[in-house]
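In our numbering, the protein residues as written are 4 to 254.
First comes the structure, then the notes that go with it.
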């Protein structure tokens with residue numbers, strides 16, 4: 004399933020575009036966001052050297068209906084907002100493709116990651132253009148989730164081994180200590196971890212090209228998803244031999 008990373012250039016007018024450009028050194032991280040029929044609600048984490056000035060500017064912006072400070076710690080503030088112009092949320096809602104959180108915005112540019120079918124990714128591109136949003140396709144790749152077939156017991160043992168430092172170099176713990184921690188025999192622990200490693204590595208390798216020409220095939224598949232994003236627009240594309248490095252400038 005394609006996973007795309009977009010750099011969306013926000014137009015002047017929406018509060019997040021205006022405020023983030025006014026304070027270009029401030030980071031805005033959207034932790035959660037919910038679109039409504041004609042509004043949007045979100046929880047933001049703002050990191051700034053002048054958080055009070057940023058929050059004051061937010062509260063005075065006409066496109067922001069409400070901004071409530073939920074927590075403060077030095078230059079970091081958590082703010083709940085309500086806006087009547089949630090362009091990114093509207094684009095996601097129209098395409099039926101949710102944007103992955105957290106979502107970072109700096110100096111008028113939002114870094115957006117989405118995972119979905121080719122048709123949904125292409126529809127997101129159309130929705131962004133319909134809303135007047137320009138974007139760069141920074142990367143398109145196939146999304147791989149190793150370990151999805153592990154049992155609950157295998158997953159628990161794997162996370163325990165990782166947390167205890169069994170897979171660090173050099174190791175911070177022994178197989179015996181991992182087994183004792185979860186209350187099983189050392190032989191059982193060894194056999195289970197071997198099965199886990201075989202499953203995780205096998206699933207990961209299944210998504211990798213085995214030959215140089217196969218890398219080109221994988222890149223072509225990823226470029227297909229990118230083409231869907233760029234359809235109906237003039238695009239300059241630079242493709243490298245790395246299947247994950249597909250960049251495009253869309254206007």
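C-beta atoms are modelled at their ideal positions from N, C-alpha and C, and glycine is treated no differently.
Everything numeric in this text was worked out from a predicted model, so none of it was measured.
Beta-carbon proximity of residue i to residue j, cut-off 7 Å
i, j, result
"residue 13", "residue 138", "no"
"residue 84", "residue 59", "no"
"residue 115", "residue 102", "yes"
"residue 167", "residue 181", "yes"
"residue 31", "residue 47", "yes"
"residue 66", "residue 82", "no"
"residue 22", "residue 73", "no"
"residue 96", "residue 38", "yes"
"residue 75", "residue 98", "no"
"residue 199", "residue 163", "no"
"residue 1", "residue 130", "The structure shown has nothing for residue 1, since the chain only spans 4 to 254."
"residue 143", "residue 5", "yes"
"residue 110", "residue 24", "yes"
"residue 1", "residue 189", "Outside the shown range of the chain (4 to 254) lies residue 1, about which nothing can therefore be said."
"residue 204", "residue 108", "no"
"residue 29", "residue 11", "no"
Contact belief for residue i with residue j at Cβ below 8 Å, rounded distance in angstroms
i, j, result
"residue 117", "residue 42", "About 22 Å separates the two Cβ atoms, so there is no contact after all."
"residue 50", "residue 68", "Not a contact, Cβ separation roughly 23 Å."
"residue 127", "residue 106", "Actually they do not touch by this definition, with Cβ atoms about 14 Å apart."
"residue 195", "residue 152", "The Cβ separation is near 14 Å, so there is no contact."
"residue 104", "residue 33", "6 Å"
Identified DSSP bridge partners for residue i
i, result
"residue 36", "45"
"residue 17", "Paired residues: none, contrary to the question."
"residue 31", "49, 108"
"residue 57", "According to DSSP, residue 57 bridges with nothing at all."
Problem set entry | Sequence ranges, alpha helix (DSSP H) only - wholly within the stretch 147-209, length at least 4 | 155-167, 178-185, 189-209
Problem set entry | Complete beta strand (DSSP E) runs within the stretch 64-140 (minimum length 3 residues, chain order) | 67-76, 79-86, 106-109, 112-118
Exercise. Just checking, does the stretch 123-135 make contact with the stretch 87-99 on the three C-beta pairs under 8 Å criterion?
Worked result: yes
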